Every structure is written in structure tokens, then in C-alpha cells.
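Position 48 (the sequence shown) corresponds to 48 in UniProt numbering; numbering is contiguous. Working notes for the structure below.
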Amino acid sequence: MNKNRQLAIEKIANNVRAECKAADYGFYNIFEATEKIGYRVVRYPIGSDAFLGFALIKDAERIIFSNSSLILSREIFTVAHELGHQKLHLSEQGLTIIKDNDFDDRDEYEVEANYFAACLLMPREQVDKFIRHELKDKSIAKLSGMDIARIQTAFYVSYDMALIRLKALGKLDNTHLDWLKLEKLENTATRLLSAINANIDLCRSTEAKKVPAEYLEWVISNYNEKLIPIKSLETALKYVDLEVADIEFLTEVEGAEDESFDDLLRRMD
Ligand SMILES: [Zn+2]
Numbered sequence: 001m002n003k004n005r006q007l008a009i010e011k012i013a014n015n016v017r018a019e020c021k022a023a024d025y026g027f028y029n030i031f032e033a034t035e036k037i038g039y040r041v042v043r044y045p046i047g048s049d050a051f052l053g054f055a056l057i058k059d060a061e062r063i064i065f066s067n068s069s070l071i072l073s074r075e076i077f078t079v080a081h082e083l084g085h086q087k088l089h090l091s092e093q094g095l096t097i098i099k100d101n102d103f104d105d106r107d108e109y110e111v112e113a114n115y116f117a118a119c120l121l122m123p124r125e126q127v128d129k130f131i132r133h134e135l136k137d138k139s140i141a142k143l144s145g146m147d148i149a150r151i152q153t154a155f156y157v158s159y160d161m162a163l164i165r166l167k168a169l170g171k172l173d174n175t176h177l178d179w180l181k182l183e184k185l186e187n188t189a190t191r192l193l194s195a196i197n198a199n200i201d202l203c204r205s206t207e208a209k210k211v212p213a214e215y216l217e218w219v220i221s222n223y224n225e226k227l228i229p230i231k232s233l234e235t236a237l238k239y240v241d242l243e244v245a246d247i248e249f250l251t252e253v254e255g256a257e258d259e260s261f262d263d264l265l266r267r268m269d
């Protein structure tokens with residue numbers, strides 16, 4: 001990625017932050033913010049060995065899926081990365097889906113989406129500000145594991161992501177980076193976070209099951225209009241731990257098959 005492209009991506013990420021009114025250090029509730037700017041966010045625990053997420057355009061809708069079996073800090077990164085694909089790579093006329101099994105791919109699009117996520121979650125200015133004001137302008141050679149955990153909490157990122165970004169911003173040299181990686185082995189990020197009363201548990205998975213309300217309304221109306229059989233409705237509701245009995249205004253009817261939310265998810269496997 002050349003310098004011009006880097007700067008362009010940085011600018012797009014900054015615009016997204018402005019659009020989402022992200023004024024804190026980190027990006028508070030990226031799930032909600034991403035929905036507010038027009039994306040459909042689907043979170044589902046598909047297992048810690050399954051794929052991480054995907055970005056998709058379907059019927060003019062922009063969809064972001066994230067696997068909530070991953071620890072929260074990684075899931076937040078997934079949404080930021082998929083948002084990068086949506087902003088940088090997908091279009092109605094061209095590529096409409098990118099699925100991520102991991103984020104280690106050196107493919108150009110993957111490098112760009114990772115860079116977008118880093119700029120979105122830990123913008124250069126905010127990192128500078130945090131070190132200056134919250135860490136009292138501590139010399140970067142003196143940053144401790146506890147400081148990294150504080151950065152991690154303020155920016156809602158994983159310990160590793162905080163280290164990688166600080167290194168990329170020239171805040172850490174290799175020797176200190178290696179030392180901080182060792183410190184992580186001694187004090188796990190989880191214990192560091194609980195030691196400083198972190199208000200969100202970035203080190204655990206949420207197993208969240210979250211689909212946009214519109215999807216459920218859509219499935220239910222398809223059922224009411226006899227476009228899908230009750231079995232499809234049941235399957236769709238099961239995804240979010242609901243039963244047909246929970247949807248009291250439904251009447252029993254039988255109708256033709258149509259694509260359901262279930263099919264949408266299954267197609268991604
Ligand atoms: Zn990707």
C-alpha cells in the first residue's frame with residue numbers, strides 16, 4: 001500500500017468517525033454506530049473455529065456479519081475490518097461479497113481493510129492525546145503492560161492490536177515491544193483489565209445473537225403473506241432464541257417457499 005492510499009484510507013476512517021460522532025478515544029459501541037450509518041449488522045456465535053465475518057451487498061442492503069464466539073475485542077475489530085471492505089472494496093456494480101476466514105491474508109484488500117480498522121479504532125491523534133493526557137506524557141520506553149491495558153480499555157481493542165498499532169505509529173521500538181509481549185504472558189490481559197476495573201470485558205466472547213429488527217419483520221411478514229412455510233419462520237426465529245408462540249399476532253397458514261434469513265446465513269458457509 002503506497003503512502004497516498006494510506007492517507008486516503010485514513011481520511012475515509014476519520015470521516016466515518018465524524019459521521020458516527022465518535023468523540024471518545026475509542027469507538028464506543030461500534031455495533032450500534034455502524035447500524036446508525038446505514039449498515040445491517042448481524043452478530044451470531046458460529047463457533048470459535050468458524051470464519052470471522054463477512055461484508056455483503058444484497059438487494060441494495062449493506063450487511064456486516066460478525067462471529068460473536070470470538071472475544072469481544074476481536075469481534076469489534078471484525079466489524080471495523082468488514083466496514084473497511086464495505087467502504088473501500090464493495091460496490092453494487094462490482095464485488096458484492098468478501099468473507100474473512102482470518103485477517104492474516106497479505107492480499108491487498110485485506111491489508112487495506114486491516115489498515116482502515118486500525119485508523120478507525122485507534123486514530124493517530126487520539127492515541128497521541130491519550131498518551132499525553134491520560135498517561136501524563138510518559139516516555140514511550142517506560143510504557144508498562146498496565147499502560148497497554150489502559151489503552152486497550154480506552155480504545156476497545158485487544159492487547160495485541162494495541163501493541164501493533166503503537167508500533168505502527170512509531171510509539172514502540174522492537175525491544176520494548178518484545179518486552180511488552182512477554183509481560184502479557186505473565187499477566188494476562190484479562191487480569192490487567194480486571195485490575196483497572198474495565199467496564200467492558202474485552203477478553204470474553206459475548207455469544208451475542210443480534211439481527212436487525214427489519215429482518216425479523218421481513219420474515220414475519222413473508223410468513224403472514226404466505227410466502228414462506230412455518231418451518232422457515234421457526235428456523236429464522238430460532239436464530240435469535242425466539243419461538244413462533246412468542247410472535248403472538250401470527251396465524252397459522254401454509255405457503256410457498258422463499259428465501260429466508262436462514263438461507264441467507266447458510267449461503268455464507
Ligand atoms: Zn477481509
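Glycine included, each C-beta is placed from N, C-alpha and C at the ideal position. Bear in mind the structure is a predicted one, so any value in this text is a computation, not a measurement.
Rounded to the nearest angstrom, what separates residue i and residue j at their Cα positions?
i: residue 111; j: residue 238; result: 36 Å
i: residue 180; j: residue 113; result: 26 Å
i: residue 4; j: residue 40; result: 30 Å
i: residue 173; j: residue 148; result: 14 Å
i: residue 22; j: residue 240; result: 29 Å
i: residue 219; j: residue 236; result: 7 Å
i: residue 44; j: residue 121; result: 22 Å
i: residue 86; j: residue 150; result: 30 Å
i: residue 141; j: residue 116; result: 27 Å
i: residue 28; j: residue 217; result: 27 Å
i: residue 229; j: residue 211; result: 20 Å
i: residue 12; j: residue 126; result: 16 Å
i: residue 89; j: residue 169; result: 25 Å
i: residue 193; j: residue 227; result: 50 Å
i: residue 243; j: residue 8; result: 47 Å
i: residue 133; j: residue 26; result: 15 Å
i: residue 34; j: residue 20; result: 8 Å
i: residue 67; j: residue 137; result: 37 Å
i: residue 106; j: residue 163; result: 19 Å
i: residue 14; j: residue 221; result: 38 Å
Should residue i go down as buried or exposed, given a rule of 16 or more other Cβ atoms within 10 Å for buried?
i: residue 128; result: exposed
i: residue 94; result: exposed
i: residue 153; result: buried
i: residue 131; result: buried
i: residue 48; result: exposed
i: residue 37; result: exposed
i: residue 171; result: buried
i: residue 165; result: buried
i: residue 245; result: exposed
i: residue 101; result: exposed
i: residue 18; result: exposed
i: residue 70; result: buried
i: residue 2; result: exposed
Could you work out which residue in the options is closest to residue i when comparing CA atoms only?
i: residue 78; options: 63, 37 and 149; result: 63
i: residue 208; options: 83, 8, 72 and 12; result: 72
i: residue 55; options: 162, 92 and 225; result: 92
i: residue 74; options: 161, 243, 212 and 167; result: 161
i: residue 82; options: 59, 109, 69 and 70; result: 109
i: residue 59; options: 7, 182, 32 and 97; result: 97
i: residue 156; options: 231, 242, 1 and 203; result: 203
i: residue 175; options: 143, 137, 221 and 100; result: 143
i: residue 205; options: 2, 124 and 46; result: 46
i: residue 99; options: 124, 57, 61 and 158; result: 57
What is the C-beta distance between residue i and residue j, in whole angstroms, given that I count them as a contact (C-beta under 8 Å)?
i: residue 65; j: residue 84; result: Residue 65 to residue 84, Cβ: 14 Å. No contact.
i: residue 119; j: residue 10; result: 5 Å
Query raised in the report: Using the beta carbon as the reference atom, which residues fall closer than 6 Å to any heavy atom of ligand 1, ordered along the chain?
Result: 81, 85, 98, 100, 110 and 113
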